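Take a look at the structure below.
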Amino acid sequence: MAATDSIPTLKVLITMHPGMNTLDFAGPLEALSEAVHDKSDRATKAFEIQFVSATEFTTTGQGAGLRAHMDFKEAYARLKEFDVLIIPGGGVDPLLKEKAEPLGLIKAYSDLQKKDPKKERTLMSVCTGSLLLAQQGLLSGLSATTHPDYYAKFEKLCSEVAQRDLAERTDVVEERYVVNNLRFDLEDEAQTPYVRRKSDAKPPTMKRKGSNAWKESNTRRESTIRRAALRLGGLRVITSGGVSAGIDAALYLVSVMVNEDVANESARVMQHTWQKGIVVDGIDI
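When we follow our numbering, the leftmost residue of the sequence shown carries the number 1088, and every step to the right adds one.
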(Lines of atoms letter the chains of each structure in order from A and count residues from 1; the text may use other names and numbers.)
(Lines give C-alpha, C1' and ligand atoms only; values in the text may rest on other atoms or scores of the structure.)
Protein backbone atom coordinates (compact mmCIF):
# COMPACT_ATOMS: atom_id res chain seq x y z
CA MET A 1 0.00 0.00 0.00
CA ALA A 2 1.43 3.35 -0.95
CA ALA A 3 1.38 5.99 1.76
CA THR A 4 -0.69 8.23 -0.50
CA ASP A 5 -3.47 5.63 -0.92
CA SER A 6 -5.08 6.14 2.49
CA ILE A 7 -2.37 6.82 5.07
CA PRO A 8 -1.15 10.40 5.10
CA THR A 9 2.53 11.25 5.10
CA LEU A 10 3.26 13.51 8.05
CA LYS A 11 5.32 16.62 7.36
CA VAL A 12 8.27 17.47 9.60
CA LEU A 13 10.36 20.64 9.62
CA ILE A 14 13.75 20.60 11.37
CA THR A 15 15.47 23.91 12.08
CA MET A 16 19.21 24.38 11.64
CA HIS A 17 21.53 27.00 13.11
CA PRO A 18 25.32 27.50 13.20
CA GLY A 19 27.06 25.44 15.88
CA MET A 20 24.16 23.09 16.47
CA ASN A 21 24.94 19.56 17.56
CA THR A 22 25.09 17.18 14.60
CA LEU A 23 23.47 14.24 16.43
CA ASP A 24 20.69 16.47 17.79
CA PHE A 25 19.76 16.90 14.13
CA ALA A 26 20.75 13.54 12.67
CA GLY A 27 19.34 11.34 15.45
CA PRO A 28 15.68 12.35 15.03
CA LEU A 29 16.18 12.54 11.27
CA GLU A 30 17.30 8.90 11.17
CA ALA A 31 14.57 7.66 13.53
CA LEU A 32 11.80 9.35 11.57
CA SER A 33 13.28 8.39 8.20
CA GLU A 34 13.26 4.71 9.18
CA ALA A 35 9.52 4.81 9.93
CA VAL A 36 7.54 3.22 7.09
CA HIS A 37 3.92 2.12 6.91
CA ASP A 38 4.89 -1.10 5.13
CA LYS A 39 8.33 -2.52 5.88
CA SER A 40 8.24 -4.52 2.64
CA ASP A 41 7.98 -1.24 0.73
CA ARG A 42 10.46 1.44 1.80
CA ALA A 43 8.56 3.94 -0.35
CA THR A 44 5.75 4.10 2.21
CA LYS A 45 7.55 6.67 4.33
CA ALA A 46 5.56 7.82 7.35
CA PHE A 47 7.30 11.22 7.46
CA GLU A 48 8.40 13.75 4.87
CA ILE A 49 11.25 15.76 6.39
CA GLN A 50 12.60 19.16 5.37
CA PHE A 51 15.21 21.50 6.83
CA VAL A 52 15.13 25.26 7.35
CA SER A 53 18.06 27.58 7.99
CA ALA A 54 18.92 31.27 7.67
CA THR A 55 21.53 30.38 5.05
CA GLU A 56 21.75 27.70 2.37
CA PHE A 57 24.54 25.86 4.19
CA THR A 58 24.86 25.44 7.95
CA THR A 59 27.99 24.26 9.74
CA THR A 60 27.39 22.21 12.89
CA GLY A 61 29.47 22.32 16.05
CA GLN A 62 31.28 19.22 14.81
CA GLY A 63 32.15 20.79 11.46
CA ALA A 64 29.56 19.05 9.27
CA GLY A 65 28.09 21.16 6.49
CA LEU A 66 24.35 20.70 5.93
CA ARG A 67 22.18 22.14 3.17
CA ALA A 68 18.72 23.53 3.92
CA HIS A 69 15.62 23.00 1.80
CA MET A 70 14.30 26.49 2.56
CA ASP A 71 15.02 29.75 4.32
CA PHE A 72 12.94 31.15 7.19
CA LYS A 73 10.86 33.40 4.94
CA GLU A 74 9.62 30.34 3.07
CA ALA A 75 9.19 28.42 6.32
CA TYR A 76 6.85 31.10 7.70
CA ALA A 77 4.82 31.04 4.49
CA ARG A 78 4.49 27.24 4.62
CA LEU A 79 4.22 26.77 8.37
CA LYS A 80 0.62 25.49 8.22
CA GLU A 81 1.80 22.46 6.23
CA PHE A 82 3.89 20.96 9.02
CA ASP A 83 2.71 18.46 11.59
CA VAL A 84 5.98 18.55 13.54
CA LEU A 85 8.62 21.21 14.22
CA ILE A 86 11.93 19.97 15.65
CA ILE A 87 14.49 22.27 17.29
CA PRO A 88 18.03 20.83 17.73
CA GLY A 89 20.31 22.10 20.49
CA GLY A 90 23.96 23.10 20.66
CA GLY A 91 25.21 26.62 20.00
CA VAL A 92 22.04 28.23 21.36
CA ASP A 93 23.68 31.02 23.41
CA PRO A 94 24.21 33.35 20.39
CA LEU A 95 20.59 32.77 19.34
CA LEU A 96 19.32 33.72 22.78
CA LYS A 97 21.55 36.77 22.94
CA GLU A 98 20.70 37.99 19.44
CA LYS A 99 17.05 36.86 19.55
CA ALA A 100 17.71 35.09 16.27
CA GLU A 101 15.85 32.36 14.41
CA PRO A 102 14.45 29.88 15.11
CA LEU A 103 13.03 31.85 18.07
CA GLY A 104 10.49 33.64 15.90
CA LEU A 105 9.47 30.47 14.07
CA ILE A 106 8.94 28.63 17.36
CA LYS A 107 6.54 31.34 18.56
CA ALA A 108 4.77 31.48 15.21
CA TYR A 109 4.22 27.71 15.28
CA SER A 110 2.75 27.91 18.77
CA ASP A 111 0.52 30.82 17.79
CA LEU A 112 -0.64 28.89 14.73
CA GLN A 113 -1.83 26.02 16.92
CA LYS A 114 -3.80 28.38 19.15
CA LYS A 115 -5.46 29.98 16.12
CA ASP A 116 -6.07 26.66 14.36
CA PRO A 117 -6.49 23.82 16.90
CA LYS A 118 -8.13 21.50 14.35
CA LYS A 119 -4.73 20.20 13.25
CA GLU A 120 -2.61 18.06 15.55
CA ARG A 121 0.82 19.68 15.83
CA THR A 122 3.94 18.77 17.77
CA LEU A 123 6.85 20.97 18.85
CA MET A 124 9.92 18.98 19.89
CA SER A 125 13.32 20.13 21.14
CA VAL A 126 16.53 18.16 21.50
CA CYS A 127 19.16 18.86 24.16
CA THR A 128 19.62 22.62 24.75
CA GLY A 129 17.03 23.40 22.10
CA SER A 130 14.65 23.47 25.08
CA LEU A 131 16.20 26.79 26.12
CA LEU A 132 14.80 28.32 22.94
CA LEU A 133 11.31 27.05 23.79
CA ALA A 134 11.70 28.41 27.32
CA GLN A 135 12.81 31.82 26.05
CA GLN A 136 9.60 32.11 24.05
CA GLY A 137 7.49 31.31 27.13
CA LEU A 138 6.20 28.02 25.75
CA LEU A 139 7.31 25.89 28.70
CA SER A 140 5.64 27.97 31.42
CA GLY A 141 3.34 25.71 33.42
CA LEU A 142 4.65 22.59 31.64
CA SER A 143 7.19 19.95 32.58
CA ALA A 144 10.44 19.91 30.62
CA THR A 145 14.00 18.64 30.48
CA THR A 146 17.29 19.43 28.77
CA HIS A 147 20.91 18.27 28.69
CA PRO A 148 22.02 17.37 32.26
CA ASP A 149 24.90 19.87 32.10
CA TYR A 150 22.37 22.66 31.54
CA TYR A 151 19.78 21.91 34.25
CA ALA A 152 20.83 24.89 36.38
CA LYS A 153 20.94 27.30 33.44
CA PHE A 154 17.62 25.95 32.17
CA GLU A 155 15.93 26.41 35.55
CA LYS A 156 17.29 29.95 35.81
CA LEU A 157 16.00 30.88 32.35
CA CYS A 158 12.59 29.31 33.02
CA SER A 159 12.34 31.24 36.28
CA GLU A 160 13.26 34.53 34.60
CA VAL A 161 10.72 33.96 31.83
CA ALA A 162 7.99 33.12 34.36
CA GLN A 163 8.69 36.41 36.13
CA ARG A 164 8.82 38.29 32.82
CA ASP A 165 5.51 36.90 31.61
CA LEU A 166 3.84 36.65 35.06
CA ALA A 167 3.37 32.98 34.23
CA GLU A 168 3.63 29.63 35.99
CA ARG A 169 7.05 28.13 36.60
CA THR A 170 8.35 25.28 34.50
CA ASP A 171 8.68 21.94 36.29
CA VAL A 172 12.22 20.86 35.33
CA VAL A 173 12.64 17.08 35.54
CA GLU A 174 15.53 14.75 34.82
CA GLU A 175 14.28 12.34 32.15
CA ARG A 176 15.21 11.14 28.67
CA TYR A 177 12.25 13.06 27.30
CA VAL A 178 9.11 14.72 28.63
CA VAL A 179 5.78 14.98 26.78
CA ASN A 180 3.10 17.60 27.52
CA ASN A 181 -0.36 18.33 26.09
CA LEU A 182 -1.92 15.07 25.14
CA ARG A 183 -4.31 14.15 22.41
CA PHE A 184 -6.59 11.27 23.30
CA ASP A 185 -7.80 9.40 26.36
CA LEU A 186 -7.73 5.61 26.49
CA GLU A 187 -10.06 3.30 28.35
CA ASP A 188 -7.27 0.85 29.14
CA GLU A 189 -4.02 2.40 30.36
CA ALA A 190 -2.25 -0.93 29.79
CA GLN A 191 -2.59 -0.40 26.03
CA THR A 192 0.23 2.13 26.22
CA PRO A 193 3.09 0.66 28.26
CA TYR A 194 5.33 3.64 27.55
CA VAL A 195 3.00 5.98 29.45
CA ARG A 196 4.24 7.12 32.84
CA ARG A 197 2.65 9.05 35.63
CA LYS A 198 4.35 12.31 36.38
CA SER A 199 4.91 11.03 39.91
CA ASP A 200 6.86 8.08 38.48
CA ALA A 201 9.69 10.34 37.40
CA LYS A 202 13.05 9.48 38.91
CA PRO A 203 13.84 11.59 42.00
CA PRO A 204 15.97 14.47 40.70
CA THR A 205 19.46 14.62 42.09
CA MET A 206 19.14 18.34 42.71
CA LYS A 207 15.98 17.80 44.80
CA ARG A 208 13.54 19.34 42.36
CA LYS A 209 9.99 18.59 43.36
CA GLY A 210 7.46 17.83 40.65
CA SER A 211 3.69 17.87 40.79
CA ASN A 212 1.78 14.58 41.08
CA ALA A 213 -1.04 15.87 38.88
CA TRP A 214 -2.62 13.13 36.78
CA LYS A 215 -5.80 13.07 34.74
CA GLU A 216 -7.44 9.65 34.73
CA SER A 217 -8.43 8.27 31.36
CA ASN A 218 -11.99 7.99 30.11
CA THR A 219 -13.68 6.52 27.08
CA ARG A 220 -14.33 9.65 25.01
CA ARG A 221 -11.95 10.97 22.41
CA GLU A 222 -11.42 14.69 22.50
CA SER A 223 -13.06 17.11 20.11
CA THR A 224 -11.45 20.11 18.47
CA ILE A 225 -13.12 22.28 21.11
CA ARG A 226 -11.57 20.18 23.86
CA ARG A 227 -8.14 20.39 22.25
CA ALA A 228 -8.48 24.16 21.86
CA ALA A 229 -9.06 24.42 25.61
CA LEU A 230 -5.70 22.82 26.36
CA ARG A 231 -2.63 24.89 27.09
CA LEU A 232 -1.08 26.29 23.88
CA GLY A 233 -4.16 25.24 21.94
CA GLY A 234 -3.31 21.58 22.42
CA LEU A 235 0.18 21.82 20.94
CA ARG A 236 2.04 18.65 21.90
CA VAL A 237 5.33 19.80 23.45
CA ILE A 238 8.24 17.36 23.78
CA THR A 239 11.60 18.24 25.29
CA SER A 240 14.43 15.72 25.33
CA GLY A 241 17.73 15.46 27.14
CA GLY A 242 21.24 15.32 25.78
CA VAL A 243 22.08 14.31 22.22
CA SER A 244 21.04 10.63 21.94
CA ALA A 245 17.87 11.29 23.95
CA GLY A 246 16.58 13.00 20.83
CA ILE A 247 16.48 9.58 19.16
CA ASP A 248 14.32 8.24 21.99
CA ALA A 249 11.95 11.22 21.75
CA ALA A 250 11.69 10.78 17.98
CA LEU A 251 10.86 7.09 18.43
CA TYR A 252 8.16 8.09 20.88
CA LEU A 253 6.81 10.46 18.24
CA VAL A 254 6.73 7.59 15.74
CA SER A 255 4.84 5.47 18.27
CA VAL A 256 2.08 8.05 18.76
CA MET A 257 1.81 9.35 15.20
CA VAL A 258 2.16 5.99 13.41
CA ASN A 259 2.19 3.11 15.89
CA GLU A 260 4.46 1.45 18.42
CA ASP A 261 5.32 -1.50 16.20
CA VAL A 262 6.74 0.90 13.62
CA ALA A 263 8.72 2.68 16.34
CA ASN A 264 10.16 -0.61 17.57
CA GLU A 265 11.09 -1.59 14.02
CA SER A 266 12.82 1.76 13.48
CA ALA A 267 14.81 1.20 16.67
CA ARG A 268 15.72 -2.33 15.54
CA VAL A 269 16.98 -1.14 12.17
CA MET A 270 19.06 1.52 13.92
CA GLN A 271 20.32 -1.06 16.46
CA HIS A 272 19.23 1.40 19.12
CA THR A 273 17.77 0.50 22.50
CA TRP A 274 14.77 2.77 22.95
CA GLN A 275 14.87 4.30 26.42
CA LYS A 276 11.47 5.64 27.43
CA GLY A 277 10.78 9.02 28.96
CA ILE A 278 7.63 10.24 30.66
CA VAL A 279 4.23 11.51 29.58
CA VAL A 280 2.76 13.98 32.08
CA ASP A 281 -0.76 14.87 33.09
CA GLY A 282 -2.57 12.44 30.82
CA ILE A 283 -2.40 9.54 28.43
CA ASP A 284 -1.18 9.86 24.88
CA ILE A 285 -1.54 7.44 21.99
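For every residue, glycine included, the Cβ atom is placed at its ideal position computed from N, Cα and C. Computed from a prediction, not measured in an experiment: that's the story for all the values here.
Which residues share a DSSP beta bridge with residue 1323? 1209.
Could you tell me whether the Cβ atoms of residue 1176 and residue 1212 are closer together than 8 Å? Closer than 8 Å, so yes.
Member of 1099, 1148, 1095, 1164 whose CA lies at the smallest distance from the CA of residue 1110: 1148
Which value, in whole angstroms, describes the spacing of the CA atoms of residue 1324 and residue 1112? Approximately 17 Å, taken between the alpha carbons.
Three-state secondary structure assigned by DSSP to residue 1258: Looking at residue 1258 - three-state DSSP - the assignment turns out to be strand.
Measure the alpha-carbon distance for residue 1215 versus residue 1339 and round it to whole angstroms. 19 Å
Counted within 10 angstroms of its Cβ, other Cβ atoms place residue 1208 as buried (16 or more) or exposed: buried
Assuming residue 1232 and residue 1150 make a contact with CB atoms under 8 Å, what is their CB distance in whole Å? About 27 Å separates the CB atoms of residue 1232 and residue 1150; that is not less than 8 Å, and the two are not in contact.
Reduced DSSP secondary structure (H/G/I, E/B, other) of residue 1200: helix
Please go through the same chain and pick out, in chain order, the residues whose beta-carbon is closer than 8 Å to the beta-carbon of residue 1267, but skip the five residues on each side of it. 1229, 1230, 1231, 1318, 1323, 1324, 1325, 1367, 1368
Flag this pair as yes or no: are the beta carbons of residue 1187 and residue 1227 separated by less than 8 Å? no
For residue 1064, which residues does DSSP report across the bridge? Because the chain spans 1088 through 1372 in this model, residue 1064 falls outside it and cannot be assessed.
Whose C-alpha, out of 1249, 1221, 1251, 1252, is nearest the C-alpha of residue 1241? 1221
Reference residue 1108; option with closest CA among 1265, 1224, 1178: 1178
Compute the distance between the beta-carbons of residue 1202 and residue 1223, then report whether it is under 8 Å. no
Apart from the five residues just before and just after residue 1337, which ones in its own chain have a Cβ nearer than 6 Å to its Cβ? 1115, 1118, 1119
When burial is assigned at 16 or more other CB atoms within 10 Å of the CB, is residue 1102 buried or exposed? buried
Residue 1170 and residue 1099 - do their beta-carbons sit closer together than 8 Å? yes
Give a yes or no on whether the C-beta atoms belonging to residue 1341 and residue 1133 are separated by under 8 Å. yes
Helix, strand or coil: which one does DSSP assign to residue 1251? Reduced to three states, the DSSP call for residue 1251 is helix.
Within the segment 1126 to 1176, ranges of the alpha helix (DSSP H) (whole runs, at least 4 residues): 1159 to 1164
Residues near residue 1096 by beta carbon distance below 8 Å, same chain, minus five either side: 1090, 1132, 1133, 1134, 1135
If I'm right that residue 1172 touches residue 1210 with Cβ under 8 Å, what's the distance once you round it to whole angstroms? 5 Å
Specify the secondary structure class of residue 1330 as computed by DSSP and reduced to three states. coil
DSSP three-state assignment for residue 1272, whether helix, strand or coil: Confidence at residue 1272 is low in this model, with a pLDDT of 40, below 50, so its placement is unreliable and no value can be given for it.
Bridge partner(s) assigned by DSSP for residue 1265: Residue 1265 pairs with 1326, 1365.
CA-CA distance, residue 1053 and residue 1355? Shown here, the chain extends from 1088 to 1372; a query on residue 1053 therefore has no answer.
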